Amino acid sequence: MIKNRSYFLVSFLLFISSYYSYAQGILWQETTIPMTEAGDKGLETLLVWPDGPGPHPLAIISHGTARDLHDRKTLSAISFLPTALEFARRGFAVAVVLRRGYGHSGGHFPAKSDLCKGTSYNSTVYEDAKDLHVALDYLATKPQFDMNYVLPVGVSAGGLASLALIAYFPPKGLVGALIFAAGRGSVSDNNVCEEDKLIDTFRVLGKSSSTPMLWVYSVNDHFFNPALAAKFLTAFDSSGGKAILFEAPSYTNEGHYLFSTAGIPVWTPILDNYLKKLALPLFKTMLPLPPVADLVAPQQLSHQGKSAFLDYLKSPPHKGFAVNAVGAYGWISGSYSDEEAQDNALQTCMKYGKGCYLYALNDSLVKKESLQPPEQLSSEGRRAFLNYLKSPSYKAFAVSSRGGYGWISGSSSSNQAQNTALETCAKYANDCHLYAVDNNYYKADNKSYEGFFKF
């Protein structure tokens, strides 16, 4: 079984490879895959596999590329845990690999991959395929993966990367491919950079792709619409590729997001129908879904808010849910750490109301009387406060009305801690007051320390 869940970051960017249990009979691990071009950081990776006798057929999942550069850097492999779980329930061992430049993976995006003019799709997808190829070599050293059965699964730019993997570095045990909304270069709805070049890339990849595969595009995909998807297919098949295009029905307001956690009820039947055509040693009976934590939603939430809380409960770690007294809320999942999840949940909630506090962290309620960060703190300040909470006594935290702060821990006495915290805060503001002493809110008969330390 699994080792105890002690999860600490050696640094903000390095994972410790501990095994965790997510559902009955399923294990998962956050790790990094070494790659020279990715430097010391390697490739951020999530591994999910059935507990018990193995090895199991490999499903290697490749993500898409957000239009916004910031969103690419905040991507996390752990956010794909519910998606990976669906494959593991069916008998796959799963690897979700973040390519170079995404999330905490090292290296850079392929040259010109973000420039509309002068786009080089062919070289970009080749570099993407190299990442997946390196990942496969690494996975071959792990006992849970049966490399005789390899199924690439990709979405959007990850779908194109999967096609490039098959064309340039075909896995020895390749059994097929499941590709959702493959493409690159979408800058806005129905607007693709140098569309003819992208179509030609599909033609080039088709020359070296003889394995039958399934492509899935939704009829309301505005990144790569049905007419463009048909051109991709024609170019690919005409040069030797073997793909079947399945046109999925409209999905919400944007069909491009069909292959997502929210879309699981829609895309899993497509997956199951495809798997029936492949001779894979999978489970005859799926493993059960993980139980949802039995947490009561905050009473002040609206119907929409309670629905959001249910979505929160179903989401992967690291996650947090914040709320205020009148029902404003904010939540996040798939963060890199509990601290980051707590900070982002509070930050989101405070966009919609004042007085936000953390209500839940992962699958546990947070006692309301527990210390919450001062609302006026910046994101950096809230992180400092979280570090304060984990620090030893004697300690104190001082803050000003505009978010200046100062704190100290490990002092020889409580009085010394209080004075030092106020002194430190006073370097940045002139209305500092004590907010917390040790792990309690500061209360001293409304005593004010305003201007107590001025220099």
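Position in the sequence shown counted from 1, then plus 184, gives you this note's numbering. Backbone N, C-alpha and C fix where the C-beta goes; we use that ideal spot for every residue, glycine too. From a predicted model like this one, the values you see are computed outputs, not experimental measurements.
Continuous alpha helix (DSSP H) stretch holding P557: start and end:
Along the sequence shown, read from residue 1 onward, the residue named residue 557 stands at position 373. No alpha helix (DSSP H) contains P557, which DSSP labels as neither H nor E.
> Hey, quick one: how far does the alpha helix (DSSP H) through P241 stretch, first residue to last?
Replying inline: On the sequence shown, residue 241 is found 57 positions in, with the first residue counted as 1. No alpha helix (DSSP H) holds P241; the beta strand (DSSP E) holding it covers H240 to S246.
Please work out which residues of its chain come closer than 8 Å, Cβ to Cβ, to Y572, disregarding the five sequence neighbours upstream and downstream, and give them in chain order. Here residue 572 refers to the residue found at position 388 when the sequence shown is read from its first residue. Same-chain partners within the cutoff: K579, F581, W591, S593 and A620.
* To do: Take the Cβ of S491 as the centre, count every other Cβ of all protein chains shown within 10 Å, and call the residue buried at 16 or more, exposed below.
  => Counting from one through the sequence shown, the residue named residue 491 turns up at place 307. That one is exposed.
- request: Answer yes or no: do G511 and L479 have a C-beta to C-beta separation smaller than 7 Å?
  value: Looking up residue 511 in the sequence shown gives position 327. Looking up residue 479 in the sequence shown gives position 295. No, the pair does not count as a contact, with Cβ atoms beyond the cut-off.
(Q) Using only the alpha-carbon positions, how far apart do V550 and L473 sit? (A) The residue you call residue 550 lines up with position 366 of the sequence shown. The residue you call residue 473 lines up with position 289 of the sequence shown. Approximately 25 Å between the Cα atoms of the pair.
Q) Can you tell me where the beta strand (DSSP E) with I303 in it begins and where it stops? A) As a working note, residue 303 is residue 119 in the sequence shown. As written in the sequence, residue 303 is Thr, which differs from the Ile given in the question. Here T303 belongs to no beta strand (DSSP E), and DSSP marks it neither H nor E.
Nearest by alpha-carbon distance to L230: which of L570, I244, Q213 and F408 is it? The sequence position of residue 230 within the sequence shown is 46, counting from 1. Out of L570, I244, Q213 and F408, Q213 has the C-alpha closest to the C-alpha of L230.
- Message: Using a Cβ-Cβ cutoff of less than 6 Å, which residues in the same chain neighbour A243 once the five nearest sequence positions on both sides are dropped?
- Response: Along the sequence shown, one-based indexing puts residue 243 at 59. Result list for A243: F271, F276, V278, L335 and V337, in chain order.
With respect to the beta strand (DSSP E) encompassing L231, which residues constitute its N-terminal and C-terminal limits? Taking the sequence shown and counting its residues from 1, one reaches residue 231 at position 47. Its beta strand (DSSP E) spans residues L227 to P234.
Checklist line | Meets three-Cβ-pair contact criterion under 8 Å: the region 379-390 and the region 416-423 | finding: yes
Whose C-alpha, out of S263, H292, V280 and V281, is nearest the C-alpha of S253?
The residue you call residue 253 lines up with position 69 of the sequence shown. Sequence check: residue 253 is Leu here, not Ser. Of the candidates S263, H292, V280 and V281, the one whose C-alpha sits nearest the C-alpha of L253 is H292.
Notebook entry, point to check: Straight-line CA distance for A319 to Y305?
Noted result: On the sequence shown, residue 319 is found 135 positions in, with the first residue counted as 1. On the sequence shown, residue 305 is found 121 positions in, with the first residue counted as 1. Approximately 21 Å between the Cα atoms of the pair.
**Study point:** Through-space distance from Y435 to L618, alpha-carbon basis
**Key:** In the sequence shown, counting from the first residue as 1, residue 618 sits at position 434. In the sequence shown, counting from the first residue as 1, residue 435 sits at position 251. When rounded, the distance between both Cα atoms is 52 Å.
Notebook entry, point to check: Among residues of its own chain, excluding the 5 on either side of N457, which ones have a beta-carbon nearer than 8 Å to its beta-carbon?
Noted result: For the purposes of this step, residue 457 is identified with residue 273 of the sequence shown, where counting begins at 1. Correct list: empty, nothing qualifies.
- Nearest residue (CA-CA) to M470, options L269, L265, E228 and H247: Within the sequence shown, the letter at position 286 stands for residue 470. For M470, the nearest C-alpha among the options comes from L269.
Can you tell me whether DSSP reads V281 as helix, strand or coil?
The residue given as residue 281 occupies position 97 in the sequence shown. Looking at V281 - three-state DSSP - the assignment turns out to be strand.
- Item | 4 or more residues per run - each alpha helix (DSSP H) lying fully within the region 575-624 | 598-610
What residues in its chain sit with their C-beta under 6 Å from that of A525, if we drop five residues either side in the sequence? Working through the sequence shown from its first residue, we reach residue 525 at position 341. Counting only Cβ-Cβ distances below 6 Å, and skipping sequence neighbours, we find H502, K503, G504, I516 and S519.
Margin query: Check this for me: beta carbons of G226 and T216, under 7 Å apart or not?
Written below: As a working mapping, residue 226 is identified with position 42 in the sequence shown. As a working mapping, residue 216 is identified with position 32 in the sequence shown. In this structure, G226 lies near T216, with their beta-carbon atoms less than 7 Å apart.
Handout entry: Spatial neighbours of L347 in its chain, beta-carbon cut-off 6 Å, leaving aside the 5 residues before and after
Key = Locating residue 347 in the sequence shown gives position 163, counting from the first residue. Hits under 6 Å: L389.
>> Can you tell me whether L193 is buried or exposed? The criterion is at least 16 other CB atoms within 10 Å of its CB, across all chains shown.
In response: For the purposes of this step, residue 193 is identified with residue 9 of the sequence shown, where counting begins at 1. Low local confidence applies: a pLDDT of 29 at L193 is under 50, so the model's placement there is unreliable, and no value is given.
- Query: Which one of Q328, D321 and Y352 has the shortest CA to CA distance from A313?
  - Reply: As a first step, residue 313 must be located in the sequence shown, where it is residue number 129. The shortest Cα separation from A313 among Q328, D321 and Y352 belongs to Y352.
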